[in-house]
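One structure is given here, and the rest of the page talks about it.
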Amino acid sequence: KRKAGQSVQDWRRTLDRFGQLIEQAAGDQPQQAAQVAAESPLMAARLEELASYFEAVPAETARFTRDEELVRNVAKVMAERVALIQQLRDALSA
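Going by the working numbering, the sequence shown opens with residue 578, and the numbers climb by one from there.
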């Protein structure tokens with residue numbers, strides 16, 4: 578929980594709530610658009626924490642297994658997640 582900034586359940590709630598705000602803002606609801614704009618910097622910072630966690634997962638996995646293929650697969654999945662988070666952060670700052 579500390580490494581990722583929030584628990585998995587908290588991340589789901591946070592992202593669901595933020596996604597709903599974005600959908601409402603896209604539906605021409607000015608109050609929600611203002612709220613999205615206000616919350617975007619905080620969400621970007623939280624996403625950075627999550628990306629840092631994902632970046633550390635392969636090394637952490639390697640500490641507990643000698644299965645190189647598993648570590649490579651974990652590294653690939655984590656890199657995809659970090660790339661997705663970067664896209665989200667870029668969209669929030671646009």
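Just so you know, even glycine gets a beta-carbon here, dropped at the ideal spot from N, CA and C.
Check, Outcome
"Helix, strand or coil at Arg-649 [DSSP, three-state]", "helix"
"Reduced DSSP category for Arg-579 - H, G, I as helix; E, B as strand; rest coil", "coil"
"Cβ separation of Ala-602 and Ala-615, assumed to be a contact under 8 Å, to the nearest whole Å", "About 11 Å separates the two Cβ atoms, so there is no contact after all."
"Cβ contact check for the segment 581-588 and the segment 627-636: 3 or more pairs under 8 Å", "yes"
"Inter-residue spacing [alpha-carbon to alpha-carbon] between Leu-661 and Ala-668", "11 Å"
"Where Glu-598 falls, given that 16 or more other Cβ within 10 Å makes a residue buried", "Residue 598 is actually Leu in this sequence, not Glu. The residue in question, Leu-598, is buried, as its Cβ has 16 or more Cβ neighbours within 10 Å."
"Closest Cα partner of Val-657 within the set Phe-631, Glu-645 and Leu-619", "One detail in the question is off: residue 657 reads as Glu in this sequence, not Val. For Glu-657, the nearest C-alpha among the options comes from Phe-631."
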